[in-house]
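Peer 1:
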Amino acid sequence: MLNKISFQLGFLMLLACTTLSLNGQIKKDGFIRIFDGKSFHDWDCDTSFWRIEDNSFIGEVTKEKQLKTNTFLIYRGETPDNFEFKAKYRISPEGNSGVQYRSEELSNIKYALKGYQADIDGENRYTGQNYEERGRGFLAMRGQQATLKEGQKPVITGSVGNSDSLKSIIKVGEWNDIHIIANGNHITHYINGVLMSETTDEDLKNRKLKGLIGLQVHVMPKMKVEYKKIMLKEIF
Numbered sequence: 004m005l006n007k008i009s010f011q012l013g014f015l016m017l018l019a020c021t022t023l024s025l026n027g028q029i030k031k032d033g034f035i036r037i038f039d040g041k042s043f044h045d046w047d048c049d050t051s052f053w054r055i056e057d058n059s060f061i062g063e064v065t066k067e068k069q070l071k072t073n074t075f076l077i078y079r080g081e082t083p084d085n086f087e088f089k090a091k092y093r094i095s096p097e098g099n100s101g102v103q104y105r106s107e108e109l110s111n112i113k114y115a116l117k118g119y120q121a122d123i124d125g126e127n128r129y130t131g132q133n134y135e136e137r138g139r140g141f142l143a144m145r146g147q148q149a150t151l152k153e154g155q156k157p158v159i160t161g162s163v164g165n166s167d168s169l170k171s172i173i174k175v176g177e178w179n180d181i182h183i184i185a186n187g188n189h190i191t192h193y194i195n196g197v198l199m200s201e202t203t204d205e206d207l208k209n210r211k212l213k214g215l216i217g218l219q220v221h222v223m224p225k226m227k228v229e230y231k232k233i234m235l236k237e238i239f
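Okay, so the sequence shown: first residue is 4 according to this note's numbering, each after it adds one.
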């Protein structure tokens, strides 16, 4: 009898951790898979620069296909406020990309976003930092804890580690894990499970607490970035 009860409890715990959402998306530990690996369902982009191969979104600029302005693969499924975002990415050595969030779409430029960005680049000069696209610029560099106030430069309040030491954790030319947590005005960026930057945004005029998610292809002579296993979890 005890073994039967233990089995039932174990099954219920497994069911609670891994379920299907109403639209059939895989849900695990509260995370929902928002990219099915096969289609642009719930995503919107310029397909001249984005495609799907091997269960991955691929953004690429070539000599034959040049960008005039940064372009984004925009998630249309929802615009979460407090959330966690996870994905795997791989980027070419010369590449520049990032995960945009709590962002707004520009009305005069197609597929352009303005807002927070978890920066990614192939040289790992900027990877892990918090950068505001078309806004306040550098908010928290890799290794920094920063507080933002209206009309002021970011105030560095502490450190999450040495920038070069953190850089050594990032794999060059291989798949890396990116994890963003945005809860209220507190934002953290992780690469491969390690905290890279921490931002507290007290700028009531310029901060955003909700908005679009997007993946960036930056204006470059050439570059390639890949994203897969993209997951989203709302924080309530």
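Glycine is no exception: its CB is placed at the ideal position from the N, C-alpha and C atoms.
(1) Would you mind working out which of 98, 34, 114, 59 sits nearest residue 48, comparing C-alpha positions?
(2) Give the DSSP-derived three-state secondary structure of residue 206 in the structure shown.
(3) Within the stretch 61-107, note down every full alpha helix (DSSP H) run reaching 4 residues or more, in order along the chain.
(4) Which same chain residues end up closer than 6 Å to residue 87 when comparing Cβ atoms and leaving out the 5 residues on each side of it in sequence?
(5) Quick check: does the Cβ of residue 192 come within less than 8 Å of any heavy atom belonging to the ligand NAD?
(6) Shortest alpha-carbon distance to residue 99 belongs to which of 216, 168, 204, 121?
(7) In terms of residues, what are the limits of the beta strand (DSSP E) holding residue 124?
(8) With burial defined as no fewer than 16 other Cβ atoms inside 10 Å of the residue's Cβ, what is the status of residue 218: buried or exposed?
(9) Does the Cβ of residue 222 have 16 or more other Cβ atoms within 10 Å, making it buried, or fewer, making it exposed?
(10) Return the CA-CA distance between residue 54 and residue 167, expressed in angstroms with no decimal places.
(11) Might you give, ordered along the chain, the residues of its own chain that have their beta carbon closer than 7 Å to the beta carbon of residue 97, omitting 5 neighbours on each side?
(12) Can you tell me which of the three DSSP states residue 170 falls into?
(13) Are at least three pairs of beta-carbons, each pair with one atom in the stretch 38-48 and one in the stretch 183-203, less than 8 Å apart?
(14) Using the beta-carbon count (16 or more within 10 Å), is residue 24 buried or exposed?
(15) By how many angstroms is the C-alpha of residue 50 removed from the C-alpha of residue 203?
(16) Return yes when the Cβ of residue 77 is within less than 9 Å of the Cβ of residue 234, no when it is not.
(17) Helix, strand or coil: how does DSSP classify residue 132 here?
(18) Given residue 173, which residues of its chain have a CB within under 8 Å of its CB, disregarding the five upstream and five downstream residues?
Peer 2: According to the data block:
(1) Looking up residue 48 in the sequence shown gives position 45. Answer by Cα proximity: 114.
(2) Reading the sequence shown from its first residue, position 203 is the one you call residue 206. In this structure, residue 206 counts as coil in the three-state DSSP scheme.
(3) none
(4) On the sequence shown, position 84 is the one that residue 87 refers to. Within the same chain, residue 87 has close Cβ partners 184, 236.
(5) With respect to the ligand NAD, the structure offers nothing, as it holds no ligand at all.
(6) Translated into the one-based positions of the sequence shown, residue 99 becomes position 96. Taking only the C-alpha atoms, the option nearest residue 99 is 121.
(7) Position 121 of the sequence shown, counted from the first residue, corresponds to residue 124. 116-124 is the extent of the beta strand (DSSP E) around residue 124.
(8) To locate residue 218, count along the sequence shown from 1; it is residue 215. Counting Cβ neighbours within 10 Å, residue 218 comes out buried, since at least 16 surround it.
(9) The residue given as residue 222 occupies position 219 in the sequence shown. Result: exposed.
(10) As a first step, residue 54 must be located in the sequence shown, where it is residue number 51. As a first step, residue 167 must be located in the sequence shown, where it is residue number 164. In a straight line, the C-alpha of residue 54 is about 33 Å away from that of residue 167.
(11) Here the question's residue 97 lines up with position 94 in the sequence shown. So the list reads 125, 223, 225, 226, once near-sequence residues are dropped.
(12) As a working note, residue 170 is residue 167 in the sequence shown. Three-state result, residue 170: helix.
(13) no
(14) Locating residue 24 in the sequence shown gives position 21, counting from the first residue. Annotation note: pLDDT 46 at residue 24 (below 50); position unreliable, coordinate value reported separately. Exposed.
(15) Along the sequence shown, read from residue 1 onward, the residue named residue 203 stands at position 200. Along the sequence shown, read from residue 1 onward, the residue named residue 50 stands at position 47. Cα to Cα, residue 203 sits roughly 35 Å from residue 50.
(16) Translated into positions along the sequence shown, residue 234 becomes position 231. Translated into positions along the sequence shown, residue 77 becomes position 74. Against a cut-off of 9 Å, the Cβ pair of residue 77 and residue 234 comes out as no contact.
(17) Reading the sequence shown from its first residue, position 129 is the one you call residue 132. Residue 132 falls in the coil class under three-state DSSP.
(18) Taking the sequence shown and counting its residues from 1, the one referred to as residue 173 is at position 170. Here the set comprises 127, 130, 131, 179, 194, 195.
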